[in-house]
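Quick notes on the structure that follows.
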Amino acid sequence: MLGKIILEEAFALPRLEEKTKWWAGMFSTDAEKHTKEIQDLTDIRLKFADQYGVGYTILSYTAPGVQDISDPKEAQALAVEINDYVAEQIKPFPDRLGAFATLSMHNPKEAAEELRRTVTKYGFKGALVNDTQRAGADGEDYIFYDQPEWDVFWETLTDLDVPLYLHPRNPTGIVFEKLWKDRQWLIGPPLSFAVGVSLHALGMVTNGVFDRHPKAQVILGHLGEHIPFDMWRINHWFEDRKKLLKPGLDCKKTIREYFNENFWITTSGHFSTTTLNFVKDEVSADRILFSVDYPFETFEDGCTWFDNAEMNTGDRLKIGRENAKGLFKLSEYKDSSAKVI
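Numbering (this note's numbering), first residue to last: 1 to 341.
And the structure:
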């Protein structure tokens, strides 16, 4: 399929190459190759895109990124640097590359202002944040974005009509020591990513973010961070138990309604047709977006799987590009109108 759109695609700053290599050594079997690929924005990845039928890529800064920086001033300075850097890099390729804003999430108003700056000045397609913001003098605090003090951020997001991609990050501090230190092979895609993001996303639901901001749009990667597989059970306990308690859960809609109206799910790093079909049954093809998760995953694995996965042409079009074209208000880009067979 030509003209596919992908949107969980990481990059790193070249000046932080040594740190990038150090991170890569924790999960990559070839740290040098990974570092080279993640620092490239416009050469290697565009060649892969041409080879595998990807017409448009939305770039985002790699995890844990700014969310791992507990000092507010340092985090904000790095976020601004990253945003200015990627804007300059992708400027010559408006029909091939876009970007999500990197945000320091220490302060709701500051995050909202940087989001507005990058969307209005650079045309960024929204923001991607790596789960909770690490904070506090010892780095042991976790800032969630589901409390009323974050309403200024959500108001800005909806006013700009762009989505927030809620991406995972690694467990740190006391959480790492108590839960993950003795079972480190479960950190990342095997388990910890889904645990962190699903907690945060469901916190947004139960703490009323989407009741106060019904037009807010949140993207979850990796086929929904396990939530679709518990949809019936979550809905059962919300509707038949939690809402009947005194005082009870007071979110206004059902979990299924929030996933039909406020959440999007991507295929990033999860190339299973069986799983995709299950998610389609739970949330419909109208809320699913194709993605690769490059360079943590490969174009070859993601695109070859999607192009050959058994599904009807309508769903392949929706998931591969049409849903994303609508969400990000994209018109013409490379192969955007190519025939799909």
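Note that the Cβ used here is the ideal one computed from N, Cα and C, for glycine as well.
Because the structure is a prediction, the values reported are computed rather than measured.
Taking A12 as the reference, give the member of Y294, T29, M311 with the closest Cα.
Reading the sequence shown from its first residue, position 12 is the one you call residue 12. Measuring from the Cα of A12, the nearest candidate turns out to be Y294.
Can you give me the start and stop residues for the beta strand (DSSP E) that G55 sits inside?
The count along the sequence shown starts at 1 and reaches residue 55 at position 55. Segment 54 to 61, the beta strand (DSSP E) holding G55.
Determine the DSSP secondary structure at E9, reduced to helix, strand or coil.
Start at 1 with the first residue of the sequence shown, and residue 9 comes out as number 9. In this structure, E9 counts as strand in the three-state DSSP scheme.
Could you tell me which uninterrupted alpha helix (DSSP H) segments, each at least 4 residues in length, are contained entirely in the region 168 to 229, listed from first to last along the chain?
192 to 206, 209 to 212
Quick one: complete alpha helix (DSSP H) runs, 4+ long, within the region 260 to 339?
The alpha helix (DSSP H) runs lying completely inside the region 260 to 339 and spanning 4 residues or more are 273 to 283, 299 to 308, 313 to 317, 323 to 327, given in chain order.
Helix, strand or coil for Y165? Go by DSSP, reduced to three states.
The count along the sequence shown starts at 1 and reaches residue 165 at position 165. In this structure, Y165 counts as strand in the three-state DSSP scheme.
Quick one: what does DSSP say K73 is sitting in, helix, strand or coil?
Here residue 73 corresponds to residue number 73 of the sequence shown, with the count starting at 1. Reduced to three states, the DSSP call for K73 is helix.
Going straight from the alpha carbon of A10 to that of S331, what length do you get?
Counting from 1 along the sequence shown, the entry for residue 10 is found at position 10. Counting from 1 along the sequence shown, the entry for residue 331 is found at position 331. The alpha-carbon atoms of A10 and S331 are separated by roughly 23 Å.
Using 10 angstroms around the beta-carbon of L276, count the other beta-carbons present and answer buried if the total reaches 16, otherwise exposed.
Working through the sequence shown from its first residue, we reach residue 276 at position 276. Burial call: buried.
Within the continuous alpha helix (DSSP H) that includes R116, where are the two ends?
The residue given as residue 116 occupies position 116 in the sequence shown. Unbroken alpha helix (DSSP H) run through R116: 108 to 122.
Across which residues does DSSP place K344 in a beta bridge pair?
In the structure as shown, the chain begins at 1 and stops at 341. Residue 344 is therefore absent and cannot be evaluated.
Could you compute how far the alpha carbon of V414 sits from the alpha carbon of V209?
Outside the modelled stretch of the chain, which goes from 1 to 341, sits residue 414, for which no answer is possible.
Bridge partners - V129, DSSP secondary structure assignment:
Along the sequence shown, one-based indexing puts residue 129 at 129. DSSP, once it has assigned bridges, lists L166 as partnering V129.
Closest by CA to V283, which one among F271, E300, Y333, L223?
Mapped onto the sequence shown, residue 283 falls at position 283. It is L223 whose Cα lies nearest to the Cα of V283.
Assign S272 to one of two classes, buried (16 or more other C-beta atoms within 10 Å of its C-beta) or exposed (fewer than that).
Within the sequence shown, numbered from 1, the residue matching residue 272 stands at position 272. Exposed, because fewer than 16 other Cβ atoms sit within 10 Å of the Cβ of S272.
Going by the beta-carbon positions, is the gap between K21 and T35 smaller than 8 Å?
The count along the sequence shown starts at 1 and reaches residue 21 at position 21. The count along the sequence shown starts at 1 and reaches residue 35 at position 35. Yes, these two residues count as a Cβ contact at 8 Å.
Buried or exposed: which applies to L103, given that a residue is buried once 16 or more other Cβ atoms fall within 10 Å of its Cβ?
Walking along the sequence shown from the start, residue 103 turns up at place 103. With 16 or more other Cβ atoms within 10 Å, it is buried.
So, using beta-carbon positions, are Q133 and Q67 closer together than 8 Å?
Reading the sequence shown from its first residue, position 133 is the one you call residue 133. Reading the sequence shown from its first residue, position 67 is the one you call residue 67. Result yes, Cβ atoms of Q133 and Q67 sit closer than 8 Å.
Would you kindly report the start and end of the unbroken beta strand (DSSP E) that includes D141?
Here the question's residue 141 lines up with position 141 in the sequence shown. Per DSSP, D141 belongs to the beta strand (DSSP E) from 141 to 143.
Give every residue of the same chain whose Cβ lies closer than 7 Å to the Cβ of I255, excluding the five residues on either side of it in the sequence, and list them in chain order.
Here residue 255 corresponds to residue number 255 of the sequence shown, with the count starting at 1. Contacts found: V205, M231, I234, N235, F238.
Quick one: give me the first and last residue of the alpha helix (DSSP H) that L157 is part of.
As a first step, residue 157 must be located in the sequence shown, where it is residue number 157. For L157, the enclosing alpha helix (DSSP H) has its first and last residue at 151 to 160.
Between the Cα of K33 and the Cα atoms of E297, F278, I219, I265, which residue gives the shortest distance?
Mapped onto the sequence shown, residue 33 falls at position 33. E297 is the residue among E297, F278, I219, I265 whose C-alpha sits nearest the C-alpha of K33.
Measuring alpha carbon to alpha carbon, tell me which of P14, K4, A216 ends up nearest R96.
Along the sequence shown, read from residue 1 onward, the residue named residue 96 stands at position 96. Comparing Cα-Cα distances from R96 to each of P14, K4, A216, the minimum goes to K4.
Under the three-state reduction of DSSP, which class applies to R256: helix, strand or coil?
Your numbering for residue 256 matches position 256 in the sequence shown. Correct three-state label for R256: helix.
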